[in-house]
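Have a look at the structure below before the remarks.
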Amino acid sequence: EAQVTQNPRYLITVTGKKLTVTCSQNMNHEYMSWYRQDPGLGLRQIYYSMNVEVTDKGDVPEGYKVSRKEKRNFPLILESPSPNQTSLYFCASRGDRMNTGELFFGEGSRLTVL
Amino acid sequence: ILNVEQSPQSLHVQEGDSTNFTCSFPSSNFYALHWYRWETAKSPEALFVMTLNGDEKKKGRISATLNTKEGYSYLYIKGSQPEDSATYLCASFNDYKLSFGAGTTVTVRA
Chain P
1 EAQVTQNPRY LITVTGKKLT VTCSQNMNHE YMSWYRQDPG LGLRQIYYSM
51 NVEVTDKGDV PEGYKVSRKE KRNFPLILES PSPNQTSLYF CASRGDRMNT
101 GELFFGEGSR LTVL
Chain E
1001 ILNVEQSPQS LHVQEGDSTN FTCSFPSSNF YALHWYRWET AKSPEALFVM
1051 TLNGDEKKKG RISATLNTKE GYSYLYIKGS QPEDSATYLC ASFNDYKLSF
1101 GAGTTVTVRA
């Protein structure tokens, strides 16, 4: 089954404790992206990757890092989480490099930073 | 960040009734308009990707229209059912960037 898998789905952590949210897709997609979703706001892009070893900042990259060592995996790293990073995070992938193709989303990771 | 707006923010509809809601987006340098359906605790799923002015797409009881000249799209749900309860997200691709609206949350009352 074609899917995007995120882990963990839920996490409560404390300020400053490094964490990684993993994302894996099995569709051989080149493009992958991370978004955060906050009440009243649209999905905002954090980072994206057009291919292996190619990553770029989205609209709200501060406080986050990513890596793309393999095509299927695109982890999101919070080196020193802060309460303003409490949010619902979505990983997504797309088969083509152009934005005209639909995105395939993971089920989301709800992060709470105390 | 592009200004993609959806209205209303939420709506309630009686089972069996039809409804529609709007996505407005910048018409300049437009390439595509996406609609996604997002049920709580699940992944957003693509409904439509539309590119041409005047385009109309349909999937079951859900359909969408696109006006790229004036920068709006309508999503229609005909004969709403409880399973249509979800948040509907639109996203506009302008200047090589995809920007999302905040969504319209639809609640269908039995």
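Residue numbers (my numbering), protein chains in the order written: chain P, 1 to 114; chain E, 1001 to 1110.
Glycine included, every Cβ here is placed at the ideal spot set by N, Cα and C.
Just verifying my parser: in three-state terms, what is the DSSP assignment at residue i?
i           : result
Gln-6(P)    : strand
Gln-85(P)   : helix
Glu-1083(E) : helix
Arg-1037(E) : strand
Ala-1064(E) : strand
Lys-115(P)  : Any property of residue 115(P) remains undetermined from this structure, which presents chain P solely from 1 to 114.
Asn-51(P)   : strand
Gln-37(P)   : strand
Glu-1045(E) : strand
Asn-73(P)   : strand
Lys-57(P)   : strand
Thr-13(P)   : strand
Leu-103(P)  : coil
Since residue i is in the beta strand (DSSP E), which residue starts that stretch and which ends it?
i           : result
Asn-1020(E) : 1019-1024
Phe-1100(E) : 1097-1100
Glu-1056(E) : 1056-1059
Glu-30(P)   : Looking at the DSSP string, Glu-30(P) is not in any beta strand (DSSP E), and its letter there is neither H nor E.
Arg-1109(E) : 1104-1109
Thr-112(P)  : 109-113
Tyr-64(P)   : Note, Tyr-64(P): premise wrong, no beta strand (DSSP E); not H, not E.
Val-1013(E) : 1010-1014
Glu-1005(E) : 1005-1007
Beta carbon of residue i, beta carbon of residue j: below 8 angstroms?
i           : j           : result
Leu-93(P)   : Arg-36(P)   : Sequence check: residue 93(P) is Ser here, not Leu. Cβ atoms of Ser-93(P) and Arg-36(P): not closer than 8 angstroms.
Asp-1084(E) : Val-1106(E) : yes
Tyr-1036(E) : Asn-1094(E) : no
Gln-1009(E) : Cys-1023(E) : no
Val-66(P)   : Leu-76(P)   : yes
Tyr-1088(E) : Leu-1098(E) : no
Leu-1047(E) : Lys-1058(E) : no
Gly-63(P)   : Tyr-47(P)   : no
Taking 8 angstroms as the limit between beta carbons, can you name the residues of its chain near residue i, skipping five residues before and five after?
i           : result
His-126(P)  : Beyond the ends of chain P as shown, which are 1 and 114, falls residue 126(P); an answer cannot be given.
Ile-1077(E) : Val-1013, Ser-1018, Thr-1019, Asn-1020, Arg-1061, Ile-1062, Asp-1084, Val-1106
Glu-53(P)   : Arg-68, Lys-69
Whose C-beta lies closer than 7 angstroms to the C-beta of residue i among residues of the same chain, with five residues either side of it excluded?
i           : result
Tyr-10(P)   : Arg-110
Val-1108(E) : Val-1013, Glu-1015, Ser-1080, Gln-1081, Pro-1082, Asp-1084, Ser-1085
Thr-1068(E) : Ser-1027, Phe-1030, Asn-1053
Phe-1100(E) : Val-1004, Leu-1089, Ala-1091
Asn-26(P)   : Ala-2, Gln-3, Arg-72
Just to confirm, does residue i get its C-beta within under 7 angstroms of one of the non-hydrogen atoms of the ligand MG?
i           : result
Cys-1023(E) : No copy of the ligand MG appears in this structure; indeed no ligand is present at all.
Apart from the five residues just before and just after residue i, which ones in its own chain have a Cβ nearer than 6 angstroms to its Cβ?
i         : result
Ser-24(P) : Thr-5, Arg-72, Asn-73
Ile-12(P) : Thr-112
Met-32(P) : Ser-49, Phe-74, Ser-93
Would you mind telling me which residues of chain B sit closer than 7 angstroms to residue i, beta carbon to beta carbon, in chain order?
i          : result
Thr-100(P) : Here the protein chains are P and E, and chain B is not one of them.
Query raised in the report: Are the stretch 1023-1033 of chain E and the stretch 30-50 of chain P in contact at 8 angstroms, needing three or more beta carbon pairs?
Result: no
Requested in this report: Check whether the stretch 4-16 of chain P touches the stretch 66-86 of chain P, taking contact to mean three or more Cβ pairs, one atom from each stretch, closer than 8 angstroms.
Outcome: yes
Report task. Mind the definition here: the stretch 1053-1060 of chain E touches the stretch 100-111 of chain P only if three or more C-beta pairs lie below 8 angstroms; say whether that holds. Result -> no
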